[in-house]
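Trainee: Below you will find the structure I want to go over with you.
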Ligand SMILES: Nc1ncnc2c1ncn2[C@@H]1O[C@H](COP(=O)(O)OP(=O)(O)O)[C@@H](O)[C@H]1O
Ligand SMILES: [Mg+2]
């Protein structure tokens, strides 16, 4: 489902070239639960942004759901993001002037979904995430855990196939972080592909598949299914989800 | 994204920065109101003058002594010559022209008017029966000067409405006697209330036969001759004839004939130009408001970088982001212009209250132009900020703290 081949991402900083990603090969099947761990500056966020089509590789190819998405236009990228990708950020990124319900509704509004359907979906999401009595609260009236629950509800409102979480527990205490991870992991059970970037080994250790990164390169993997070791099996697993 | 949602989202983000939005709308509405009020004033002045001229009479020519070039200074004026006077015979001679319908000679002077113990200073107008028609006056009670021999100095007079009230109160004035200077005049009529026109208030004058006025002031000259051409088409002919007849009688061209139309057209042009100039100046304030909008929108974009990044991450394409900022600008300038139109309307009404004589009301084209310019500048000056927002790199935008 996600297939990166020899992907590099080089930033130009002044006259200097900074290679944030160097020759990344990565296969992730639909419904996989992958954590990406590594020290700060190792390129985890850059990789996640590439997968989420917020960025483009400098070289290499990226295939998503069987199609080549390496060189999509901004417009096409936005469409794929809207339909297939959900983001959860460390800093929550809720719109401060909007209520919890409106924040959850935002992707649906942007996608042009009719109001009555939006309403039904938002209500369902708020119930699922225990936010019903917080519907009319603004982000600054919510606790950190509640904010991240709103963010997860928002990320799932368009029923994406891929959920990308960049340090989702980074701004939360341990107990709340665990709660948030439980919520994210519930999505894996619903066949959502979950990729979590973290530098916390306890959080990262919960994933079925753990990718380690150092200095822009993947240095190793642990877990049940290792894409590079067993490519055939990964592909087979991915097949039912191909659209 | 649906249109209603765009509007709702945009108005939501405007409400998020209320003070800023209100200030911008204020700037916009002041600009629009300025255009509306100022053009309303200009148009009002123009129409006032036109009305005043029309109320003087139709197809009117005015003959007065002295040769005035179009520049306003003839050689006679420079030399300080006193022009030859125009006599009643001259006036009567004008009737020879077939282009001329009626004439009304005018002599003016000031005198003391008294009735019993009451007395006051009054402007005395000497004329003939035709003045009533030529000058579009109407009689309230009794009758106007008798028709017939214009050389007869009958001791009769017609009072202005206000003058009558001052001298007689509610009592009947018709048939009563008043004293003008050292002569007694019988009141035969009272003018209907007409008010002031062209700085001359007919409510406060007394009208006597022109020959009587000549005796009263011991002159034989006329101040003006009002000439009514037979139709609109013969105005030019009437002017030429008048000049020719009087030149023939005086041996030189020493009178000036102006047509009401020419004067009116000049005033009309001047006041129209003035209105446009004033509207233009007011429109500059709209442009200033537009620049203000651009500035504020740029600030809004830089303050909402993270939000823009988020919207992109949530799947909003660049065009959508651009539309959202456009919608904000259109809402701002739209609401601002509507408020401005209301403000302008209020301003216009206040002025109309203070100067009831002035028919102030902004012409439709000015209202439309003000509204259009406001909306246009709002959109024009938000193009750049909106594009800037749309072009933001989502990763960088989200990373901004
Ligand atoms: N927009 C950018 N411009 C220049 N350098 C960047 C940019 N984004 C990331 N980098 C660099 O790329 C490397 C990887 O960054 P990042 O992916 O954010 O690391 P991580 O998320 O693992 O902490 C770092 O050296 C960082 O400085
Ligand atoms: Mg990072």
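Residue numbers (the working numbering), protein chains in the order written: chain C, 189 to 431; chain D, 242 to 642.
Note that the Cβ used here is the ideal one computed from N, Cα and C, for glycine as well.
1. According to DSSP, simplified to helix, strand and coil, what is residue 604 (chain D)?
2. Skipping 5 residues on each side, what residues in its chain have a beta carbon closer than 8 Å to that of residue 573 (chain D)?
3. Let me check understanding here. Comparing Cα to Cα, which of D:465, D:408, D:611, D:425 lies closest to residue 329 (chain D)?
4. Report all residues from its chain with a CB closer than 7 Å to the CB of residue 622 (chain D); omit the five preceding and five following residues, and keep chain order.
5. Measuring alpha carbon to alpha carbon, tell me which of D:567, D:486, D:340 ends up nearest residue 537 (chain D).
6. If I measure Cβ to Cβ from residue 287 (chain D) and keep anything under 7 Å in the same chain, skipping five residues before and after, which residues do I get?
7. Is the beta carbon of residue 172 (chain C) within less than 7 Å of some heavy atom of ligand 2?
8. Over what stretch of residues does the alpha helix (DSSP H) that includes residue 370 (chain C) continue unbroken?
9. The alpha helix (DSSP H) spanning residue 213 (chain C) covers which residue range?
10. Looking only at its own chain, which residues have a Cβ that is under 8 Å from the Cβ of residue 451 (chain D), when we skip the five neighbours before and after it?
11. Please find out if some non-hydrogen atom of ligand 2 comes closer than 7 Å to the beta-carbon of residue 258 (chain D).
12. State yes or no: is the C-beta of residue 402 (chain C) within less than 8 Å of the C-beta of residue 211 (chain C)?
13. Flag residue 263 (chain C) as yes if its beta-carbon sits less than 8 Å from any beta-carbon of chain D, otherwise no.
14. For a minimum of 3 consecutive residues, which ranges assigned as the beta strand (DSSP E) are wholly contained in the segment 299-360 of chain C?
15. So for residue 305 (chain D), helix, strand or coil by DSSP?
16. Would you kindly work out how many angstroms separate the C-alpha atoms of residue 312 (chain D) and residue 497 (chain D), rounded to a whole number?
17. Around the C-beta of residue 215 (chain C), are 16 or more other C-beta atoms found within 10 angstroms, so that it is buried, or is it exposed?
18. What residues are listed by DSSP as bridge partners for residue 244 (chain D)?
19. Please find out if some non-hydrogen atom of ligand 2 comes closer than 7 Å to the beta-carbon of residue 354 (chain C).
20. Alpha carbon to alpha carbon, what distance is there between residue 480 (chain D) and residue 314 (chain D)?
21. Excluding five sequence neighbours on each side, which residues of the same chain lie with their C-beta closer than 8 Å to the C-beta of residue 256 (chain C)?
22. Report the residue from D:252, D:250, D:247, D:275 whose alpha carbon sits nearest the alpha carbon of residue 525 (chain D).
23. Does the beta-carbon distance from residue 445 (chain D) to residue 401 (chain D) come in below 8 Å?
24. Nearest-angstrom Cα distance between residue 379 (chain D) and residue 581 (chain D)?
25. Could you tell me which residues DSSP puts in a beta bridge with residue 392 (chain D)?
26. Is it the case that the Cβ atoms of residue 415 (chain D) and residue 382 (chain D) are separated by a distance below 8 Å?
27. With a 10 Å radius around its C-beta and 16 neighbouring C-beta atoms as the bar for buried, classify residue 435 (chain C) as buried or exposed.
28. Near residue 194 (chain C), which residues of its chain fall below 8 Å by C-beta distance, leaving aside the five closest residues on each side in sequence?
29. Can you find a C-beta in chain C that's less than 8 Å from the C-beta of residue 508 (chain D)?
30. So, for residue 376 (chain D): in the same chain, excluding its five sequence neighbours on each side, which residues have a beta-carbon less than 6 Å away from its beta-carbon?
31. Could you tell me the distance, in whole angstroms, from the CA atom of residue 338 (chain C) to the CA atom of residue 549 (chain D)?
32. Buried or exposed: which applies to residue 281 (chain D), given that a residue is buried once 16 or more other Cβ atoms fall within 10 Å of its Cβ?
33. Between the segment 555-588 of chain D and chain C, which residues of the former have CB atoms less than 8 Å from a CB of the latter, in chain order?
34. Any heavy atom of ligand 1 closer than 7 Å to the CB of residue 230 (chain C)?
35. When you compare the CB of residue 227 (chain C) with every CB in chain D, is at least one pair closer than 8 Å?
36. Beta-carbon of residue 250 (chain D) versus every beta-carbon of chain C: anything under 8 Å?
Mentor: Here's the rundown:
1. Note: residue 604 (chain D) maps to coil in three-state DSSP.
2. If you ignore the 5 residues before and after residue 573 (chain D), its C-beta comes within less than 8 Å of the C-beta of 255, 262, 265, 266, 269, 534, 619, all in its own chain and listed in chain order.
3. Residue nearest to residue 329 (chain D) within the set D:465, D:408, D:611, D:425 is D:465 (criterion: CA-CA distance).
4. The residues 531, 532, 534, 535, in chain order, have a CB closer than 7 Å to that of residue 622 (chain D) in the same chain once the five nearest residues on each side in sequence are set aside.
5. Sorting D:567, D:486, D:340 by C-alpha distance to the C-alpha of residue 537 (chain D) places D:567 at the top.
6. Exclusion of the five residues before and after residue 287 (chain D) leaves 509, 512, 513, 516 as the residues of its chain whose Cβ lies within less than 7 Å of its Cβ.
7. Within the shown structure, residues of chain C are numbered from 189 to 431, placing residue 172 (chain C) beyond reach of any answer.
8. Per DSSP, the continuous alpha helix (DSSP H) segment holding residue 370 (chain C) begins and ends at 362-377.
9. For residue 213 (chain C), no alpha helix (DSSP H) encloses it; the enclosing beta strand (DSSP E) starts and ends at 204-216.
10. Excluding positions up to five away in sequence, the list reads 329, 346, 347, 348, 367, 368, 369, 391, 463.
11. The beta carbon of residue 258 (chain D) sits no closer than 7 Å to any heavy atom of ligand 2.
12. No, the pair does not count as a contact, with Cβ atoms beyond the cut-off.
13. A Cβ of chain D is located within less than 8 Å of the beta carbon of residue 263 (chain C).
14. Taking only runs of at least 3 residues, the beta strand (DSSP E) segments lying wholly in the segment 299-360 of chain C are 350-354.
15. Strand.
16. Its pLDDT being 46, under 50, residue 312 (chain D) is placed unreliably by the model, and the measurement read from it follows with that caveat. Taking the straight line joining both Cα atoms gives about 13 Å.
17. Buried: at least 16 other Cβ atoms inside 10 Å.
18. Beta-bridge pairing links residue 244 (chain D) to no other residue.
19. Within the chosen limit of 7 Å, ligand 2 reaches the beta carbon of residue 354 (chain C) through at least one heavy atom.
20. The predicted model places residue 314 (chain D) with a pLDDT of 48, which falls under 50 and marks its position as unreliable, so this point remains unresolved.
21. Residues 249, 250 of the same chain have their beta carbon placed closer than 8 Å to that of residue 256 (chain C), with the five preceding and five following residues left out of the count.
22. Nearest to residue 525 (chain D) by alpha-carbon distance, out of D:252, D:250, D:247, D:275, is D:275.
23. Residue 401 (chain D) is positioned such that its CB atom lies closer than 8 Å to that of residue 445 (chain D).
24. Approximately 43 Å, taken between the alpha carbons.
25. For residue 392 (chain D), which the question treats as bridged, DSSP gives no partner whatsoever.
26. At the C-beta level, residue 415 (chain D) and residue 382 (chain D) come within 8 Å of one another.
27. Outside the displayed span of chain C (189 to 431) sits residue 435 (chain C), for which this structure offers no information.
28. 211, 212, 213, 247, 248, 249, listed in sequence order.
29. Interface residue (Cβ-Cβ distance to chain C less than 8 Å): residue 508 (chain D) is not classified as such.
30. Answer for residue 376 (chain D): 298, listed in chain order.
31. Each residue's alpha carbon lies about 18 Å from the other.
32. Residue 281 (chain D) comes out buried.
33. Hits within the stretch, in order: 555, 556, 557, 558, 559, 560, 561.
34. Taking non-hydrogen atoms of ligand 1 into account, the C-beta of residue 230 (chain C) is found less than 7 Å away from one of them.
35. False, the Cβ-Cβ gap to chain D never drops below 8 Å.
36. Closer than 8 Å to some Cβ of chain C, the Cβ of residue 250 (chain D) qualifies, so yes.
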